[in-house]
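So for the sequence shown, our numbering puts the first residue at 10; every next one is plus one. Worksheet: the structure to be examined is printed underneath.
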Amino acid sequence: MVEERADAGLYGPDSVTWRIHGNQSMALAGFRALSLQAVHPLVMAGFNDNTVWFDDMWGRLQRTGDWVATVTYGTTAEAEKAGRVLRRIHAALPPGVEPESGLPYRVDDPELLRWVHVTETESFLSTYRRCGGILRPGEGDQYVDEMRASAELVGLERHTVPASEADIEDYYAYVRPQLRVSQVARRNTLKFMLPPMPRWVRLGTPARPAWAGMVGLGLAMLPPWARRLYGLPGLPTTDLLATANGYAVRRVLSTVPLVITSNPAYGRALRRTRGPVAA
């Protein structure tokens, strides 16, 4: 009698993706990714025209976290279903125009989807490293390659997405002439640093300065060329300071009970894949 393990999903417990996405650095990585995605004016216009982010910011953040958790730790069927839902949503959104350049856009344009995917992948990987995460030689490339599975879920063809860290650098070099911080991006970044919070939270807890600090650190951890687009220092000393602060943040989070900081989806996936489901 042969026992079969449950479906491990797109990646599985031996993947680099599971290790990185289960790390406490992911919270900071999310801030970095959002800040980097915002320097593409067409992506920012699509986001601004088709979201109620600041009316339901906490709900939107929760849904984004749920997407990453499902794609990373869900079964193959759950990940594929999430991809179908997202593609339907994107396809239903109307085309728009970026106000400063007058350029048209579609949310499901592969060029825009690719930018979002690459910046997310590179942000998760970079932040993990800078917060003290250890990778063996070649595991950075392995992670980038693994993440192409999630790119397919949003509608991209695997061969059009970077498969290595060197590919990501080449992609950034290609796309950088298109990038700038639009007025919409600058305004939304400032709003994001000071989000709506209940009065008792603002006045009775350190939540607001802590949040602003995390957003600011996410900006500081951007590549130097992206920081300069925001009008921030692109000096090597800024990189060193941001790395030290990122490492400190992860150390602090590692002292918080896992019931608070751990991803519940990670725990469910471990339980699912460690035991037999059929004989």
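For glycine and all other residues, C-beta sits at the position ideal for the given N, C-alpha and C.
Leaving out the 5 sequence neighbours to the left and right, which residues in its chain are closer than 6 Å to residue i when beta-carbon positions are compared?
i           : result
residue 237 : 243
residue 112 : none
For residue i, I'd like the list of residues in its chain whose CB is within less than 7 Å of its CB, leaving aside the five on either flank, ordered along the chain.
i           : result
residue 138 : 144
residue 150 : 173 and 174
residue 31  : 272 and 275
residue 59  : 102 and 116
residue 110 : 50
residue 155 : 20, 24, 25 and 26
As a quick exercise: from the options, pick the residue whose alpha carbon is nearest that of residue i.
i           : options               : result
residue 259 : 192, 37, 120 and 183  : 37
residue 77  : 223, 230, 166 and 160 : 160
residue 207 : 105, 217 and 199      : 217
residue 203 : 188, 221, 93 and 192  : 221
residue 199 : 228, 101 and 96       : 228
residue 33  : 58, 15, 142 and 157   : 142
residue 118 : 101, 252 and 132      : 101
residue 39  : 58, 72, 59 and 22     : 72
residue 232 : 165, 158, 277 and 132 : 132
residue 106 : 165, 97 and 116       : 116
residue 253 : 155, 136 and 184      : 136
residue 26  : 148, 108, 91 and 140  : 148
residue 205 : 184, 66, 121 and 104  : 66
residue 123 : 68, 176, 226 and 223  : 176
residue 130 : 41, 251 and 68        : 41
residue 54  : 197, 162 and 97       : 197
residue 85  : 156, 158 and 19       : 19
residue 57  : 108, 21, 90 and 23    : 108
residue 70  : 201, 257 and 120      : 201
residue 224 : 184, 251 and 214      : 251
residue 164 : 17, 99, 140 and 256   : 99
residue 245 : 75, 230 and 24        : 230
residue 120 : 241, 185 and 255      : 185
So residue i and residue j are in contact, right, with Cβ under 8 Å, and what is the actual spacing, rounded?
i           : j           : result
residue 153 : residue 182 : Actually they are not in contact, since the Cβ atoms of residue 153 and residue 182 sit about 16 Å apart, beyond 8 Å.
residue 239 : residue 190 : 5 Å
residue 45  : residue 114 : Actually they do not touch by this definition, with Cβ atoms about 18 Å apart.
residue 127 : residue 180 : 6 Å
residue 88  : residue 94  : At roughly 11 Å, the Cβ-Cβ gap does not stay under 8 Å, so residue 88 and residue 94 are not in contact.
residue 15  : residue 277 : Their Cβ separation, rounded to whole angstroms, is 11 Å, which puts residue 15 and residue 277 out of contact at 8 Å.
residue 279 : residue 22  : 7 Å
Provide the residue(s) that pair with residue i in DSSP beta bridges, ordered along the chain.
i           : result
residue 105 : 114
Buried or exposed: where does residue i fall if 16 or more other Cβ atoms within 10 Å of its Cβ makes it buried?
i           : result
residue 146 : exposed
residue 92  : buried
residue 167 : exposed
residue 97  : exposed
residue 226 : buried
residue 213 : exposed
residue 178 : exposed
residue 3   : The chain is shown only over 10 to 288; residue 3 falls outside these bounds and no answer can be derived.
residue 257 : exposed
residue 158 : buried
Can you list, in chain order, the residues of its chain whose CB lies under 8 Å from that of residue i, leaving out five sequence neighbours each side?
i           : result
residue 48  : 188, 189, 190, 194, 235, 238 and 239
residue 29  : 35, 133, 134, 137, 142 and 152
residue 211 : 217
residue 215 : none
I'd like to know whether the C-beta of residue i is nearer than 8 Å to at least one C-beta of chain B.
i          : result
residue 30 : The structure shown contains no chain B; it is built from a single protein chain.
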